[in-house]
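What follows is a short report on a single structure.
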Amino acid sequence: MTNSFTPTWMIDAIYCVTPKQLQQHNIKAVLTDLDNTLVAWNNPDGTRELHDWLLQMKQAQIPVLIVSNNSADRIARVADPLQLDFVARALKPMTRGLKEAAKTLQLDPSQIVMVGDQLLTDVWAANNAGMRSILVKPLIETDQWNTKINRFFEKGVKKDMLKNNPQLQWRKQLD
57 MTNSFTPTWM
67 IDAIYCVTPK
77 QLQQHNIKAV
87 LTDLDNTLVA
97 WNNPDGTREL
107 HDWLLQMKQA
117 QIPVLIVSNN
127 SADRIARVAD
137 PLQLDFVARA
147 LKPMTRGLKE
157 AAKTLQLDPS
167 QIVMVGDQLL
177 TDVWAANNAG
187 MRSILVKPLI
197 ETDQWNTKIN
207 RFFEKGVKKD
217 MLKNNPQLQW
227 RKQLD
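The sequence shown begins at 57 in my numbering and counts up by one.
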């Protein structure tokens, strides 16, 4: 049961992932959740760290694409100033949004990694789409009301997943 929710890696934050690490794993693009993964849900402008990370990815020619269950208006508020493409209303954990992103990127799912802060949406969707996944710690401890519901159910799933996969540990980089 927990295999569906088991990430490939658990990394402290998306900003810890470097182009070199991605290239070592033949990853050619990054799909990222929006809220509490790329930006704090209450800070749509992002941080200096975000801007530096995106510049590193751009210089390495690794596209970053937002795949979020949010509305296009909400995502565009973040994505447009950062010049990032996005898929809105992705319906994660279903795979529609991730498949749309892979088609846009013209890449095989095996060459893409999905990064997110939730097992029940981001990781589950990536696993179902045949992509590798990175679970990150939420950027801040507070969530929007709808995410709080997911977090409640996620606690038990996460506990079982970690029990069944003792090799998974929070890390600062891909291993």
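We put the beta carbon where it would ideally sit given N, CA and C, even for glycine.
The beta strand (DSSP E) runs lying completely inside the stretch 81-122 and spanning 3 residues or more are 85-88, given in chain order.
Residue 227 carries a strand assignment under DSSP once its states are collapsed to helix, strand and coil. Looking at the backbone, the Cα of residue 142 and that of residue 63 are separated by about 22 Å.
In the structure shown, residue 145 falls within a coil segment according to DSSP collapsed to helix, strand and coil. Under the 10 Å beta carbon count, residue 101 is surrounded by fewer than 16 other beta carbons and is classified as exposed. In the three-state scheme derived from DSSP, where H, G and I count as helix and E and B as strand, residue 73 is classed as coil. If you draw a straight line from the Cα of residue 216 to the Cα of residue 210, it is about 10 Å long. Excluding its 5 nearest sequence neighbours in each direction, residue 172 has C-beta neighbours in its own chain below 6 Å: 89, 93 and 178, listed in chain order. Rounded to the nearest angstrom, the Cβ distance from residue 77 to residue 229 is 6 Å, consistent with a contact under 8 Å.
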